[in-house]
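Q: Residue numbers (the numbering used here), protein chains in the order written: chain U, 1 to 335; chain Y, 336 to 670; chain W, 671 to 1005. Think of the CB as a built atom: it goes at the ideal place given N, C-alpha and C, for glycine as much as any other residue. Please read all numbers here as calculations on a predicted model, not as lab measurements.
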C-alpha cells in the first residue's frame, strides 16, 4: 500500500485490520515495527495533534522522524504549477517533495485548502499531485478536502464508544469567526456513511455542504446500508442521536470571499455555539465529538467540552493509535 | 512522584538522590533508563537551554521526545478559563494538555508569567492548573513564579564549585530593557535558602522582590539554618561573597505597567550592568552565575562573562544532567 | 578530525574515503555507527535539505539529534563581538555555542553572510569564531563564504553521474530577485577546481565573483591539473560542457547596497533565467545541477528542472549520504 490520501485507499479488509491493530496498540504502544524506517513530515499549515501523534507513532515503534515547517525554520513553499516565483516563496513542492523523499521511507504532508476556488479545492488535486511527486509511500495529513487520519481515528473512537455501526450521527455546523475548509466535515461524512450510520448534516440556511460532498457520502451509504440526509432543523436532527460531531465550514455560495461569508454568518453566532441544550431529544447517553482544535465558547460551550458527553480527548488519543497502525500497515515488515 | 512544579516537590532525600545522580550522569551520560518512554514538550515561550537539554536528556537515555511550539508551527493557545475564543488563539490548553498526555508518558510545559496582575502571577496557578489537566507525570519548565529545573541544576553547580552549603550568595538585580518575571529570582532564592546559604538580595530602590517571595525564602532558611536579607548597598552585599547570581526582574510597584517600569529603570542602566569591579570586596575566588540568556554589555559586561569567575556554561550544562536525573526519578524503572 | 568548515579540512585521502563511504551509504543507509552520540543543530537561517538530511543522517545511524532555531521557538541571537545587546537579540552565540556543546558530541551550525561588508563576509570569520567557541567537533552547515556539506554532496554527485574528473563544468549566474551570498558559488568553484575540472564561471558584466574567490579556486586548480576561467559569453562558456551548475549571487561592486544591486540586475531578468536553449552547444548529455532551493521560472525555467538533464534531486539526495559519511568520519568509532 503506497498511498493514504483518503479513507477509500483502505479496502474493507485492510480497514478492519488497521482498526483492530489501533485498538491493540492502545494497550501495547511500544515496539520495533518501524525500526530502521524514517518518516518525513512536511507541515505547510499549523498542527498540534497531527504533529505530536505522528512523531510519537513513529518513534514509539523504533523509527526515525524529521519535521519540516515552511515559514517556521524552513523556506516558504510554492505549490502552484507553472508559478513564476518572484514572491515570498523560495522553494517549490516540485523539488521539496522528491528531495525529502530521498531522506525518508515515507512522507506525510499537510496542505490545507487554498480557499479561493471551490471546484479546485473540492477536486483535491494538490495532495494527489504531491503524492505523484513522491516515489515513496505517502500519507495525507489533511488536504483541501480530506483528513483521512482523523477519519480513521474517529472510526476507532466510535467503536470504542460502542456506537452501533448503524447508529445515528449528527454532523453539525458551528459558528467560527472565519470560513473553514471542508476537509474534516467531508471526511467525517464519508467515514460515517461508509460505516453504515444514519447520518444527518445539520446547518443553518446557506451552510449546506457542497453537492459533490453529499453525493460521495450518499454513494458510500448506498453500499453500506447507511443513510445521509441534511436539515436546518436542530430538533429534527438530534432526535435519537448517538453522536453529535461538531465542526464549522465555509458557505459554498461565498467560497473565496471571506468578507461575504463573515457577513452571512455574523447573525448566527449565538444560536450556533453548541450547548448542552442541543442534546434535549438525543439519546440520553449521546456523545460529543470534535476533531480539535476548538474555540471554546464560540464554537462549543465549556459546558459541553467539560461535560460527560465529550469524548474529544479520547478521540484525539486515537490519532496516535490509528496512525501507528497505518504506518505499520504501510511500512512494517516490508524492509 | 507525579509532579515537579517547584523544587519543594522533592523532599530532602529525593533531592539529594537526584543531585547525586546528576553528578554521575555527567560522567556517564548515555543509557537506556528511559527506553520505551515518550516525553512531550510544550513550549508556550521561547527557549534554548531547556529545549535542547530536555531533548538530549530524554534521547540519551533511550526515550522518545516530541516538541510542540504554539505560534511556530502549532496553533496559538489560550490559557484563561472561560475565555471566549474569538481572537488569535485557536486552541485552549484545556484540550491541548490532556490530548498531548495521550501521546506521552510525561509532559513538560513552559508557560511564562502573563505580566499583568502581580498577585495572579505570584500565585502561579496556571502551571498548577495545567498539571491538574494532565493525567501523566508533569514537569514545570518555567512558570510565572518558578523555574525548578534551573534551581535543580544551580544546586548541582554550587556543589560542583565546592561552594559551602552555608556560603554567601548574592542575588543581584541587573539592568534589562524590559521588566522580567520573578520565576528565576524566586526559584534561586528558595533554592539557596533551602541549601542553608547566607543569601543577600541586592537591588536598586524600588526593585525589591515581592514580600511573599521573600517570606517563602525566609521560611526555608529558618529550617535549613540559612539566612535571607536584602539591601540596596552593593558594597555591603558583596562583602565576603562566594557567589554573585545576576538576574533582572520587574519592579513590584509597576507590575503590569511596563512603561512605568521602564521610566523607573532608565536611570539605573549604567550603574546596574554587572562588572568586574563589583567583586572588589567579595572572596577573591568568588564565582558569577546566571541562568542565561544574558544581554551582554547591558545586563552583564563582557569582562565578567568572559572572565575566570564566570561559571555560566558549566551551570547551563548541569541543566542536562539535573533534568536527566529528574526524568529517571520520575519515569525510570516504573514501566 | 575536529572541524569541517570547508572542503579543505578534508585532505585527499580522507576526502576519497568519505566519498566512497557516501556511495556505500546510499545502498546501506541504516546502522549504529552513531549510537550513543548526540548532534546539536543550530540554524540561524532557514533550511529544508540541510535540516532534514542532518536529522536523518544522525538518527539513521542510531544517534540522537536536537534542533535550535532562533526566532522560531528559540531566542533571537547576536553574533557580533562586543555588542551592546539592547535590541531584539536576547542571547549571544558566545554563550549559545558552548552551552549547546554541553548537550552534544558535535555541533553543526548554519549562519549566512551578513551581507553588509564584502571583506568581512569573504573572510568567513564568524563561522571560525563559532567553531573556536565550541569545544566539541563542529560542522559548517553554510557560512558567509562556504557551504562545504553541499560541496561534498556535489562531488559525490559528479562521480555518480560519471562526469570525468577533468570534465567541463560551467558555473553560471542566474537571475534572482535579491542579491545572494557567495557561499555556494565559492564552494562549488573550489570543489570543481580541486577535482581537476575545466571550470568556467559565466556571468553578466558586473557579476564576476570577487577576486579572492577566483584566486583560491585557481590555486586549487594549479595543484589538481584543472583550470578556472570566466566569461560573459554564454556560447563560449557552454561549448562542450558536461555540467551546467546554476546559482545566483550579488554584484561585488554593490555589496551591502541591495537597492543598487537590484537596479543593476533588473534588465538581466529575461536573459539570465536558465533555459534548455542554453545547452545548444554543450555535450548532448550535459546535466544540470543546482543546490536548491530554486525559484522556478525566475532563476531556472520549468523545462530545465523538469527535463532529463536535471540531476537536482539526486544531488540533494547526496546531502544525506555525504553528511552521514562525514559524521561517521568525525564521530564514529571514537567513543
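Quick one: does residue 145 of chain U have its CB under 8 Å from some CB of chain Y?
A: no
Q: In whole angstroms, give me the CA-to-CA distance for residue 237 of chain U and residue 213 of chain U.
A: 19 Å
Q: In the DSSP assignment, what residue or residues form a beta bridge with residue 843 of chain W?
A: W:917
Q: Any beta-carbon of chain U closer than 8 Å to the one on residue 712 of chain W?
A: no
Q: Using a Cβ-Cβ cut-off of less than 9 Å, list which residues of the segment 77-94 of chain U approach chain W; keep chain order.
A: 77, 78, 81, 82, 83, 84, 85, 86, 87, 89, 90, 91, 92, 94
Q: When the cut-off is 8 Å and only beta carbons count, does residue 443 of chain Y lie next to chain U?
A: no
Q: Could you check what DSSP says for residue 884 of chain W in three-state terms: helix, strand or coil?
A: helix
Q: At a Cβ threshold of 8 Å, is residue 772 of chain W touching chain Y?
A: yes
Q: Cα-Cα, which of W:755, W:727, W:735 is closest to residue 103 of chain U?
A: W:727
Q: Going by the beta-carbon positions, is the gap between residue 579 of chain Y and residue 521 of chain Y smaller than 8 Å?
A: Not in contact: residue 579 of chain Y and residue 521 of chain Y (Cβ atoms no closer than 8 Å).
Q: Could you please give me the residues that DSSP links to residue 563 of chain Y through a beta bridge?
A: Y:534
Q: Going by the DSSP bridge assignment, what does residue 970 of chain W pair with across the sheet?
A: W:944, W:966
Q: The beta strand (DSSP E) that contains residue 443 of chain Y, what's its start and end?
A: It spans 441-445 - the beta strand (DSSP E) in which residue 443 of chain Y sits, taken as one unbroken run.
Q: CA-CA distance, residue 591 of chain Y and residue 68 of chain U?
A: 37 Å
Q: Ignore the nearest five residues each way along the sequence and tell me which others in residue 331 of chain U's own chain have a CB closer than 7 Å to its CB.
A: 34, 37, 105, 106, 137
Q: Three-state secondary structure (DSSP) at residue 708 of chain W?
A: strand
Q: Does residue 729 of chain W come within less than 8 Å of chain U when only Cβ atoms are used?
A: Chain U contact via Cβ: present.
Q: Applying the 10 Å Cβ sphere with the 16-neighbour rule, what's the burial state of residue 163 of chain U?
A: buried
Q: Can you give the beta carbon distance from residue 516 of chain Y to residue 448 of chain Y, rounded, assuming they're within the 8 Å contact cut?
A: 4 Å
Q: Going along the segment 1-31 of chain U in order, which residues come within less than 7 Å of chain Y, judged by CB to CB distance?
A: Within the segment 1-31 of chain U, the residues whose Cβ lies closer than 7 Å to any Cβ of chain Y are, in chain order, 30.
Q: Between which two residues does the beta strand (DSSP E) containing residue 529 of chain Y stretch?
A: Taken as a continuous stretch (DSSP letters only), residue 529 of chain Y belongs to no beta strand (DSSP E), being part of the alpha helix (DSSP H) at 518-529.
Q: Based on Cα-Cα distance, which residue from W:674, W:743, W:847 lies nearest to residue 929 of chain W?
A: Check the Cα spacing between residue 929 of chain W and each of W:674, W:743, W:847: the tightest is with W:847.
Q: Suppose contacts are defined by Cβ-Cβ distances below 8 Å. Is residue 207 of chain U in contact with residue 266 of chain U by that definition?
A: no
Q: Nearest by alpha-carbon distance to residue 172 of chain U: which of U:305, U:17, U:326, U:272 is it?
A: U:272
Q: Under 8 Å between C-beta atoms, does residue 49 of chain U make it to chain Y?
A: Yes, because at least one Cβ of chain Y sits closer than 8 Å to the Cβ of residue 49 of chain U.
Q: Flag this pair as touching only if the segment 524-532 of chain Y and the segment 554-568 of chain Y have three or more C-beta atom pairs under 8 Å; answer yes or no.
A: yes
Q: Nearest to residue 452 of chain Y by alpha carbon, out of Y:609, Y:588, Y:475?
A: Y:588
Q: Residues of chain U with CB closer than 7 Å to the CB of residue 371 of chain Y, please, in chain order.
A: 30
Q: Compute the Euclidean distance between the alpha carbons of residue 1005 of chain W and residue 483 of chain Y, then round it to the nearest angstrom.
A: Bear in mind that a pLDDT of 40 at residue 1005 of chain W, under 50, signals an unreliable position, so the model cannot answer this.
Q: Which bits of chain U does residue 982 of chain W rub up against, with CB to CB less than 7 Å?
A: Taking a Cβ-Cβ cut-off of 7 Å, the neighbours of residue 982 of chain W in chain U comprise 95, given in sequence order.
Q: Kindly indicate if chain W contains any beta-carbon less than 8 Å away from that of residue 657 of chain Y.
A: no
Q: Helix, strand or coil for residue 67 of chain U? Go by DSSP, reduced to three states.
A: strand
Q: Indicate the three-state DSSP secondary structure (helix, strand or coil) for residue 79 of chain U in the structure shown.
A: coil
Q: In this structure, does DSSP put residue 616 of chain Y in helix, strand or coil?
A: coil
Q: Consult DSSP for residue 588 of chain Y and reduce its assignment to one of helix, strand or coil.
A: helix
Q: Would residue 3 of chain U and residue 83 of chain U be called neighbours here (beta carbons separated by less than 8 Å)?
A: no
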